[in-house]
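Only one structure is covered here, and it is reproduced in the block below.
Number of protein chains: 2
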Amino acid sequence: MRWLKSAGCWPSALLLAGRVGLRAGPRTASGSPRDAGELQGELDRFGGVSVHLARHRALHGLDAAAFRRLLQAALQQWRSEGRVAAWLHVPILQSHFIASAASLGFRFHHADSHSSTLTLWLGDGPSRLPGYATHQVGVAGAVFDDSTRKVLVVQDRNKLKNMWKFPGGLSEPGEDIGDTAVREVFEETGVKSEFRSLLSIRQQHGSPGAFGKSDMYLICRLQPCSFTINFCQQECLKCEWMDLEKLARIDNTTPITRRVARLLLYGHREGFDKIDLSMEEFPAVYTGLFYKLYHRELPESYRDTAGTD
Amino acid sequence: MRWLKSAGCWPSALLLAGRVGLRAGPRTASGSPRDAGELQGELDRFGGVSVHLARHRALHGLDAAAFRRLLQAALQQWRSEGRVAAWLHVPILQSHFIASAASLGFRFHHADSHSSTLTLWLGDGPSRLPGYATHQVGVAGAVFDDSTRKVLVVQDRNKLKNMWKFPGGLSEPGEDIGDTAVREVFEETGVKSEFRSLLSIRQQHGSPGAFGKSDMYLICRLQPCSFTINFCQQECLKCEWMDLEKLARIDNTTPITRRVARLLLYGHREGFDKIDLSMEEFPAVYTGLFYKLYHRELPESYRDTAGTD
Numbered sequence: 016m017r018w019l020k021s022a023g024c025w026p027s028a029l030l031l032a033g034r035v036g037l038r039a040g041p042r043t044a045s046g047s048p049r050d051a052g053e054l055q056g057e058l059d060r061f062g063g064v065s066v067h068l069a070r071h072r073a074l075h076g077l078d079a080a081a082f083r084r085l086l087q088a089a090l091q092q093w094r095s096e097g098r099v100a101a102w103l104h105v106p107i108l109q110s111h112f113i114a115s116a117a118s119l120g121f122r123f124h125h126a127d128s129h130s131s132t133l134t135l136w137l138g139d140g141p142s143r144l145p146g147y148a149t150h151q152v153g154v155a156g157a158v159f160d161d162s163t164r165k166v167l168v169v170q171d172r173n174k175l176k177n178m179w180k181f182p183g184g185l186s187e188p189g190e191d192i193g194d195t196a197v198r199e200v201f202e203e204t205g206v207k208s209e210f211r212s213l214l215s216i217r218q219q220h221g222s223p224g225a226f227g228k229s230d231m232y233l234i235c236r237l238q239p240c241s242f243t244i245n246f247c248q249q250e251c252l253k254c255e256w257m258d259l260e261k262l263a264r265i266d267n268t269t270p271i272t273r274r275v276a277r278l279l280l281y282g283h284r285e286g287f288d289k290i291d292l293s294m295e296e297f298p299a300v301y302t303g304l305f306y307k308l309y310h311r312e313l314p315e316s317y318r319d320t321a322g323t324d
Numbered sequence: 016m017r018w019l020k021s022a023g024c025w026p027s028a029l030l031l032a033g034r035v036g037l038r039a040g041p042r043t044a045s046g047s048p049r050d051a052g053e054l055q056g057e058l059d060r061f062g063g064v065s066v067h068l069a070r071h072r073a074l075h076g077l078d079a080a081a082f083r084r085l086l087q088a089a090l091q092q093w094r095s096e097g098r099v100a101a102w103l104h105v106p107i108l109q110s111h112f113i114a115s116a117a118s119l120g121f122r123f124h125h126a127d128s129h130s131s132t133l134t135l136w137l138g139d140g141p142s143r144l145p146g147y148a149t150h151q152v153g154v155a156g157a158v159f160d161d162s163t164r165k166v167l168v169v170q171d172r173n174k175l176k177n178m179w180k181f182p183g184g185l186s187e188p189g190e191d192i193g194d195t196a197v198r199e200v201f202e203e204t205g206v207k208s209e210f211r212s213l214l215s216i217r218q219q220h221g222s223p224g225a226f227g228k229s230d231m232y233l234i235c236r237l238q239p240c241s242f243t244i245n246f247c248q249q250e251c252l253k254c255e256w257m258d259l260e261k262l263a264r265i266d267n268t269t270p271i272t273r274r275v276a277r278l279l280l281y282g283h284r285e286g287f288d289k290i291d292l293s294m295e296e297f298p299a300v301y302t303g304l305f306y307k308l309y310h311r312e313l314p315e316s317y318r319d320t321a322g323t324d
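Protein chains in written order, with this note's numbering: chain X, 16 to 324; chain Y, 16 to 324.
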């Protein structure tokens with residue numbers, strides 16, 4: 016891993032950075048209003064500079080060619096000052112400036128809803144800027160009723176081949192794994208449930224369902240809190256409580272469903288501690304945010320070895 | 016989960032869709048070249064229509080106002096035809112059309128490098144279009160030498176507090192978990208290693224290091240293939256082979272590192288089968304792509320219950 020690409024270290028610097036006034040080089044000639052010669056930028060501790068176009072009222076009346084001259088002068092100055100990267104944050108209604116930036120080498124880093132962010136590496140060698148989100152995360156819920164040995168399964172509507180699978184779907188932004196599983200199961204089947212453990216993780220690349228990005232799919236073990244099925248007609252063709260041994264045997268299911276059914280069968284017979292990853296919440300060291308950690312159950316004697324978690 | 020948001024089902028439809036000629040309503044008046052009145056769109060099986068501006072040579076000479084009239088007419092027609100969504104794929108050098116689309120309600124879905132994609136929901140009720148990638152994925156490698164009971168740890172440079180941790184970093188686009196772990200360990204420390212198992216998964220939201228997106232961090236158990244440390248001076252302050260029992264005890268480490276050190280200690284004493292998630296590769300049912308599945312080791316007798324995996 017290269018310096019600037021350290022997980023999580025680059026953009027946090029943007030938050031820490033102070034704002035500085037940056038004159039965009041010598042005042043440009045015709046076409047630019049008098050007061051558009053200043054681009055207010057923010058330095059970060061990695062030697063980059065970030066410009067939020069929304070904060071530049073003087074740019075409002077500027078045409079694309081004048082903006083290009085302004086940006087070109089700014090780039091010249093930033094290079095002379097040894098800046099290693101430039102970031103442009105562009106509100107969607109100011110997108111007419113994007114092609115100008117692109118003609119100077121800027122490319123999209125990402126865009127979401129009302130704005131886009133462009134980047135240009137100014138330092139030596141290849142860019143060391145970190146990329147954007149690379150994965151979508153989906154979660155399925157294996158709702159297993161230990162007393163009846165039945166598990167909740169669905170068949171999707173609109174599939175080329177009808178196969179039994181666990182209900183599930185994509186995480187909403189900012190949603191925890193267990194919460195996605197419980198929500199998706201309820202939305203698809205009407206069954207209420209509680210998170211028990213994480214069972215399995217699938218990683219897949221280039222899935223056509225992920226806009227060219229990668230896909231991480233997690234399967235959770237859930238405990239049912241209600242049993243009446245009221246399934247989503249738009250999404251599901253069938254939904255039922257199926258005997259777990261049957262699901263582990265039948266052909267019209269996906270390989271991942273069959274594998275997890277057998278894992279559940281093993282857990283049911285030998286103890287769920289054989290298959291579960293338990294979950295615990297921790298405070299993050301630097302940010303004070305909380306995160307969730309999933310791994311095999313650790314005996315109490317190992318938790319208390321010394322120090323505090 | 017709602018119909019269109021089914022994990023992975025929407026965009027695959029775009030690939031399956033045939034292309035159809037769509038007239039953008041009545042020929043618009045002044046400002047638009049004669050042949051710009053046709054937008055070539057692709058229908059998908061969910062009732063959406065997708066337009067690739069790069070394929071419309073007639074748009075090249077068009078100004079933003081004329082494009083807006085063209086798009087407005089097209090939207091009117093698509094609505095009358097019952098289309099539920101519109102997608103615009105915009106090359107970066109045609110970004111001057113974006114503000115026009117935004118003024119008609121389009122918003123960024125995503126952007127990457129040379130192009131952006133905008134969406135507008137045309138159907139009833141709130142949008143049921145799937146979002147874009149929500150997570151970055153990082154991987155750390157816990158390289159443990161069973162014979163000496165030592166584990167490879169680093170201290171990051173440029174951190175406010177120096178703490179021992181496992182080497183690791185962000186996955187490159189399309190990179191498997193184990194490959195990221197092995198690559199990051201080598202880049203940071205110069206030590207070669209092989210993937211053995213997945214040990215733990217951390218999920219965190221709103222991390223400042225993820226441009227507002229979520230973060231999934233996985234820790235793998237790796238087997239060392241070489242032992243000489245040649246660490247990256249740009250990234251690491253220190254790097255050493257540390258006694259595992261010491262790492263499980265000391266204070267200047269992160270909670271996740273200490274927890275995984277204790278998990279490793281448990282595995283070392285009681286057998287790694289107590290802590291490991293094993294990995295296996297499967298072919299995907301619909302796409303023919305391969306994916307990797309991680310879960311607890313399943314005894315042979317359960318793998319062979321019936322049917323084939």
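Glycine included, C-beta positions come from ideal geometry on N, C-alpha and C.
Just checking my contact of Gly189/X with Phe210/X at CB under 8 Å: how many whole Å lie between their CB atoms? Here residue 189/X is taken as the residue at index 174 of the first sequence, counted from 1. Here residue 210/X is taken as the residue at index 195 of the first sequence, counted from 1. Wrong, their Cβ atoms sit about 17 Å apart, outside the cutoff.
Considering Cα atoms alone, identify which of Phe201/X, Asp139/X, Val152/X is closest to Ala148/Y. By one-based count along the second sequence, residue 148/Y stands at place 133. It is Val152/X.
Could you confirm whether any beta carbon from chain X is found closer than 8 Å to the beta carbon of Thr204/Y? On the second sequence, position 189 is the one that residue 204/Y refers to. In terms of beta-carbon proximity, Thr204/Y stays away from the interface with chain X, with every pair separated by 8 Å or more.
Residues in the same chain with beta-carbon distance under 7 Å from Lys207/Y, minus the five sequence neighbours each way, listed in chain order, please. For the purposes of this step, residue 207/Y is taken as the residue at position 192 of the second sequence. Result list for Lys207/Y: Phe201, Cys240, Ser241, in chain order.
Cβ-based contacts, 7 Å cut-off: residues of the segment 140 to 158 of chain X near chain Y: Pro145, Gly146, Tyr147, Ala148, Thr149, His150, Gln151, Val152, Gly153
Determine, for His310/Y, whether the minimum Cβ-Cβ distance to residues of chain X falls below 8 Å. Locating residue 310/Y in the second sequence gives position 295, counting from the first residue. Taking Cβ atoms only, chain X reaches closer than 8 Å to His310/Y, which makes this a yes.
Kindly list the residues whose CB is nearer than 6 Å to the CB of Pro106/Y, restricted to its own chain and excluding five residues on each side of it in sequence; keep chain order. The sequence position of residue 106/Y within the second sequence is 91, counting from 1. Contacts found: Ala69, Ser130.
From Asp171/Y to Pro182/Y, what distance separates their C-alpha atoms? By one-based count along the second sequence, residue 171/Y stands at place 156. By one-based count along the second sequence, residue 182/Y stands at place 167. Answer to the nearest angstrom: the Cα atoms are 9 Å apart.
List the residues of chain Y that His125/X touches, going by C-beta distances under 8 Å, in chain order. Residue 125/X sits at position 110 when you count from the first residue of the first sequence. Within 8 Å Cβ-Cβ: His125, Ala126, Asp127, Phe226.
May I ask which residues mark the beginning and end of the alpha helix (DSSP H) holding Gly282/X? As a first step, residue 282/X is located in the first sequence; it is residue number 267 there, counting from the start. Start and end: 270 to 285.
Taking just the CA atoms, how far does His283/X sit from Asp161/X? For this step, residue 161/X is matched to residue 146 along the first sequence. For this step, residue 283/X is matched to residue 268 along the first sequence. So the alpha carbons of these two residues sit roughly 7 Å apart.
Could you tell me the boundaries of the beta strand (DSSP E) in which Ile216/X lies? Here the question's residue 216/X lines up with position 201 in the first sequence. That run of the beta strand (DSSP E) goes 208 to 219.
From the beta carbon of His75/X, is the nearest beta carbon of chain Y less than 8 Å away? Here the question's residue 75/X lines up with position 60 in the first sequence. Answer no: the Cβ-Cβ gap between His75/X and chain Y never drops below 8 Å.
Under 8 Å, do Phe112/Y and Ala79/Y count as touching if we go by C-beta distance? Start at 1 with the first residue of the second sequence, and residue 112/Y comes out as number 97. Start at 1 with the first residue of the second sequence, and residue 79/Y comes out as number 64. A contact, by the Cβ cut-off of 8 Å.
What in chain X is Cβ-close to Val197/Y, meaning under 8 Å? In the second sequence, counting from the first residue as 1, residue 197/Y sits at position 182. None at all; the shortest Cβ gap to chain X is about 12 Å.
Straight-line CA distance for Ser293/Y to Ala114/X? Position 278 of the second sequence, counting from 1, holds the residue named residue 293/Y. Position 99 of the first sequence, counting from 1, holds the residue named residue 114/X. The straight-line gap from Cα to Cα measures roughly 48 Å.
Strictly under 8 Å for the Cβ-Cβ distance: is Val300/X near chain Y by that measure? Position 285 of the first sequence, counting from 1, holds the residue named residue 300/X. Yes - at least one Cβ of chain Y is within 8 Å of the one on Val300/X.
Going along the segment 234 to 263 of chain Y in order, which residues come within less than 7 Å of chain X, judged by CB to CB distance? Gln249, Glu250, Ala263
For Met178/X, I'd like the list of residues in its chain whose CB is within less than 7 Å of its CB, leaving aside the five on either flank, ordered along the chain. For the purposes of this step, residue 178/X is taken as the residue at position 163 of the first sequence. Answer for Met178/X: Gln170, Asn267, Thr268, Thr269, listed in chain order.
Following the continuous beta strand (DSSP E) through Lys261/X, name the residue where it begins and the one where it ends. As a working note, residue 261/X is residue 246 in the first sequence. That residue, Lys261/X, is in no beta strand (DSSP E); its alpha helix (DSSP H) goes 259 to 262.
Output yes if chain Y places a C-beta closer than 8 Å to the C-beta of Phe297/X; else output no. Within the first sequence, the letter at position 282 stands for residue 297/X. Interface residue, yes.
Cut-off 8 Å between Cβ atoms - residues of its own chain near Leu262/Y, not counting five sequence neighbours on either side: Here residue 262/Y refers to the residue found at position 247 when the second sequence is read from its first residue. Correct list, in chain order: Val166, Val168, Trp179, Thr268, Thr272, Arg273, Ala276.
At a Cβ threshold of 8 Å, is Ser229/Y touching chain X? Here residue 229/Y corresponds to residue number 214 of the second sequence, with the count starting at 1. Output row for Ser229/Y: interface = yes.
My assumption, with CB atoms under 8 Å, is that Leu233/X sits in contact with Val158/X. Please give the rounded CB distance. As a position in the first sequence, residue 233/X is number 218, starting the count at 1. As a position in the first sequence, residue 158/X is number 143, starting the count at 1. That belief does not hold up - the Cβ atoms of Leu233/X and Val158/X are roughly 15 Å apart, past 8 Å.
Looking at the structure shown, is Arg98/X part of a helix, part of a strand, or coil, going by DSSP? As a first step, residue 98/X is located in the first sequence; it is residue number 83 there, counting from the start. Residue state, collapsed to three classes: coil.
Would you identify the three-state DSSP class for Gly249/X, choosing helix, strand or coil? For the purposes of this step, residue 249/X is taken as residue 234 along the first sequence, with counting starting at 1. The sequence given here has Gln at residue 249/X, not Gly. In the structure shown, Gln249/X sits in coil (DSSP, three-state: anything other than H, G, I, E or B).
Count the other C-beta atoms from every protein chain shown that fall within 10 angstroms of the C-beta of Leu278/X, then say buried if there are 16 or more, exposed otherwise. Residue numbering aside, residue 278/X sits at position 263 when the first sequence is read from its first letter. Buried, since its Cβ has 16 or more Cβ neighbours within 10 Å.
Does the distance from the C-beta atom of Ala81/X to that of Phe123/Y stay below 8 Å? To locate residue 81/X, count along the first sequence from 1; it is residue 66. To locate residue 123/Y, count along the second sequence from 1; it is residue 108. It is not a contact, given that the beta carbons lie outside the stated cut-off.
Which same chain residues, not among the five before or five after Leu86/Y, have their C-beta less than 7 Å away from its C-beta? Along the second sequence, one-based indexing puts residue 86/Y at 71. Cβ within range, chain order: Ser115, Ala116, Leu119.
Given 8 Å, three or more beta-carbon pairs between the segment 243 to 263 of chain Y and the segment 286 to 306 of chain X: no
Can you check which of these residues, Gly286/Y, Arg72/Y, Gly156/Y, is closest to Thr195/Y by C-alpha distance? Translated into positions along the second sequence, residue 195/Y becomes position 180. Out of Gly286/Y, Arg72/Y, Gly156/Y, Gly156/Y has the C-alpha closest to the C-alpha of Thr195/Y.
Contacts that His104/Y makes with chain X (C-beta to C-beta distance below 8 Å): As a working mapping, residue 104/Y is identified with position 89 in the second sequence. Those within 8 Å of His104/Y in chain X number zero; the least Cβ separation is about 11 Å.
Taking Cβ positions only, does Ser208/X come closer than 8 Å to chain Y? Counted from its first residue, the first sequence places residue 208/X at position 193. Cβ-Cβ to chain Y under 8 Å: no for Ser208/X.
Provide the residue(s) that pair with Asp171/X in DSSP beta bridges, ordered along the chain. Translated into the one-based positions of the first sequence, residue 171/X becomes position 156. Asp171/X pairs with Cys251/X.
Taking only beta-carbon positions, decide if Lys307/X is within less than 8 Å of chain Y. Taking the first residue of the first sequence as 1, we reach residue 307/X at position 292. Yes, Lys307/X counts as interfacial toward chain Y.
According to the Cβ coordinates, are Ser128/X and Trp136/X closer than 8 Å? For the purposes of this step, residue 128/X is identified with residue 113 of the first sequence, where counting begins at 1. For the purposes of this step, residue 136/X is identified with residue 121 of the first sequence, where counting begins at 1. Taking a C-beta distance under 8 Å as the contact criterion, Ser128/X and Trp136/X do not qualify as a contact pair.
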